[in-house]
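Protein chains in written order, with the numbering used here: chain S, 1 to 407; chain B, 1001 to 1134.
Even for Gly, the Cβ is constructed at its ideal location relative to N, Cα and C.
Only a predicted model underlies this, so the values are computations on that prediction, with no experimental measurement involved.
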Amino acid sequence: MAIKFPIYMDYHATTPVDPRVLDEMLPYFTEKFGNAASRNHAFGWVAEEAVSIARERVAALLGAKNPKEIVFTSGATESNNLAIKGVAEFYKDKGNHIITTKIEHKAVLDTCKRLEKQGYEVTYLSVDEHGMVDPEDVRRAITDKTILVSVMLANNEIGTVQPIAEIGAITRERGVLLHTDAVQGIGKVPFDVETFNVDLCSVTAHKMYGPKGVGALYVRRSKPRVRITAQMDGGGHEFGNRSGTLNVPGIVGLGRAAEIMRLEGSAENERIKKQRDRLLQGLQERLDETKLNGHPTQRLPHNLNISFAYVEGEALMMAIKDVACSSGSACTSASLEPSYVLHAMGIGDDLAHSSLRFGLGRFTTDEEVEYVLELVTAKVKKLREMSPLYEMVKEGIDLNSVQWAAH
Amino acid sequence: MAYSEKVLDHYENPRNVGTLDKESEDVGTGLVGAPACGDVMRLQIKVGDDGLIEDAKFKTFGCGSAIASSSLATEWLKGKSVDEAETIKNSMIAEELNLPPVKIHCSVLAEDAIKSAVADYRAKQAARRAAAKG
């Protein structure tokens, strides 16, 4: 099969809408355009019925017992904000302490920082060299003021899958609520809100072949009944948790995407994992001084985060411009800071600058994997020919012994 | 980020990549930057008996703009006297390559590399004169 350029290997950033998802959405833009809140005519009933089916499908993917535990939102950033601010505000008389990790998505970290300014206390747990949170650290951090623990299911940069079930056993035992940002992990790794004892869970459609601009927050209704304070005032939609006219086509898309993920996810993940492993092993065979970032086994099946020492990430991305991927290099970010996730894992700034993240997905072909493997190999070799660091290391110079002039 | 055509040209066809003998008396070597900052440039000049730079080589660990800045610097250095080399300013490099504001530091590094290579060459010459006198 001929390869189409550019090749997309950035499925952590977003995914294309699956044609089956789009087909199901389309009627809800035109002939089935009703407002799901219109209770007194057929247009509204049709929309409400579609939303109800989507709610059941999302609930099924998460393992939620009651579809009413699903609150539709505009995406995972809103879901994370609603979960954390909503719990913080509702339970403020119970306590003011929140526990999270240093490697959460900014939608969680910046929400926590805002709450700190309002007088809440936040503990940011460290991770090990694989980006893994120790559940015992969670246990030790819990105080009688702790109201919420928020740990992501899987990290978007390095793909490390967190021990949410173990953390859930601890939070349940201690009577503390557990929120997980499951955006990257849902459908990719085993997860179930019941067996994992998760109380709130954020997901978004566009990371699982659904449309952008729609997501959901799972809010547990029993054992325990979790309450959140709505962050938007208005018509009291979504059981009073999130006002705003429902994005019916988007919600239909999220529902269909969730159903496809539930039914086909395990076979799909097996296939993608083989492609990912082929890419990793191929690169390691062909190139010296590579480093896999993240956990060797407890990682998302479609994630490969790898550092090519002595080659700068942005220069490498420029060299493989037919391949869309991303880098932990400072030069690719607006802030000019290297990845805070790699930093939290204790990876030096030099290797952070040399990292690339490949995200494989539903439409990745074996031919694309082979092409990327050969292209990256050739370009890393070329850039190393141009790298003074690689030459120095080959001459036996210890780079740590050199007095570098930081600038 | 979109790169200028000139950056892309130097990046894809870098001029004067390589290594000169850093022990040689007529070679000046400048090594600037730091791995932790994401860019390291090594720039070398070889000065002929006529006092003109007859060869210049670079190796750079860094982004495309850093590679282009050092490639351009080696091009400009060839044929110049050592004094003239020191008149190359980062602003000239940034202008020639149309570097965006976030990439100005790449041109600054290239200017530093030139100065450092020239200083190394001058130090070697001074040492040689001192040895000849002694």
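Taking 7 angstroms as the cut-off, the Cβ atoms of Val323 of chain S and Leu383 of chain S do not count as close. Val176 of chain S is positioned such that its CB atom lies closer than 7 angstroms to that of Thr146 of chain S. In the pairwise beta carbon analysis, the stretch 166-174 of chain S is classified as not touching the stretch 291-311 of chain S: fewer than three pairs are separated by under 8 angstroms.
Sequence-distant Cβ neighbours of Arg227 of chain S in its own chain, meaning closer than 6 angstroms and more than five residues away, are Phe90. Among the CB atoms of chain S, none fall inside 7 angstroms of the CB of Val1027 of chain B.
Membership of Arg357 of chain S in the beta strand (DSSP E) is indicated by the continuous run Ser355 to Gly359. For Leu26 of chain S, there is no enclosing alpha helix (DSSP H), as DSSP gives it neither H nor E. What Ile1067 of chain B touches in chain S, judged by beta-carbon distance under 7 angstroms, is Ala315 and Met386, going in chain order. Glu173 of chain S is classed as exposed because its beta carbon has fewer than 16 other beta carbons within 10 Å across all chains shown.
Here Arg57 of chain S is buried: its Cβ has 16 or more other Cβ atoms, across all protein chains shown, within 10 Å. Setting aside the 5 residues that flank it on each side, Thr229 of chain S is surrounded in the same chain by Gly86, Glu89 and Phe90, each with a C-beta closer than 6 angstroms to its C-beta; the list follows chain order.
Between the stretch 2-10 of chain S and the stretch 21-33 of chain S there are fewer than three C-beta pairs closer than 8 angstroms, too few to call the two in contact. Non-local C-beta neighbours of His97 of chain S in its own chain, meaning closer than 6 angstroms and more than five positions away in sequence, comprise Glu121, Thr143, Lys145 and Thr146, ordered along the chain.
Asn305 of chain S sits in a strand when the DSSP states are folded into three classes. Per the coordinates, the alpha-carbon of Lys1006 of chain B lies some 19 angstroms from the alpha-carbon of Phe1061 of chain B. Under the criterion of beta carbons closer than 8 angstroms, Thr160 of chain S and Gly294 of chain S qualify as touching, at roughly 5 angstroms. At the C-beta level, Ala182 of chain S and Ala257 of chain S stay beyond 7 angstroms of one another. Asp110 of chain S: member of the alpha helix (DSSP H) spanning Lys106 to Lys117, first to last residue. For Lys1059 of chain B, the chain S residues whose C-beta falls within less than 9 angstroms of its own C-beta are Glu385, Met386, Ser387, Pro388, Leu389, Tyr390 and Glu391, listed in chain order. At least one CB atom of chain S sits nearer than 7 angstroms to the CB of Cys1063 of chain B. Approximately 7 angstroms separates the beta-carbon atoms of His179 of chain S and Ile84 of chain S; this is inside 8 angstroms, confirming the contact. Secondary structure note for Lys1133 of chain B: its alpha helix (DSSP H) is the uninterrupted segment Ile1104 to Lys1133.
A straight-line Cα-Cα distance of about 21 angstroms links Ala50 of chain S and Ala76 of chain S.
Counting along the chain, Arg1042 of chain B sits inside the beta strand (DSSP E) bounded by residues Asp1039 to Val1047.
Within the stretch 1036-1049 of chain B, Ala1036, Cys1037, Gly1038, Asp1039, Val1040, Met1041 and Arg1042 place their CB atoms closer than 8 angstroms to a CB of chain S, listed in sequence order. Against chain S, the CB of Ala1113 of chain B has no partner CB under 7 angstroms away; the residue lies outside that interface. Taking all protein chains in view, the Cβ of Phe33 of chain S is surrounded by fewer than 16 other Cβ atoms within 10 Å, so the residue is classified as exposed. Fewer than three pairs of CB atoms, one per stretch, sit closer than 8 angstroms, so the stretch 102-113 of chain S makes no contact with the stretch 240-248 of chain S. Straight across, the Cα-Cα distance linking Ser326 of chain S with Ser79 of chain S is about 25 angstroms. Proximity of chain B to Asp350 of chain S at the Cβ level (cut-off 7 angstroms) is accounted for by Pro1035 and Ala1036, in chain order. Taking 7 angstroms as the cut-off between beta carbons, the residues of the stretch 1006-1021 of chain B near chain S are Tyr1011, Pro1014, Val1017 and Thr1019, in sequence order.
The residues Gly63 and Ala165, in chain order, have a CB closer than 8 angstroms to that of Thr195 of chain S in the same chain once the five nearest residues on each side in sequence are set aside. For a Cβ distance threshold of 8 angstroms, residue set Gly1038, Asp1039, Phe1061, Gly1062, Cys1063 and Ala1066 of chain B lies close to Glu312 of chain S, ordered along the chain. In the same chain as Ser1116 of chain B, and ignoring 5 residues on each side of it, the C-beta atoms closer than 6 angstroms to its own belong to Gly1030 and Val1032, in chain order.
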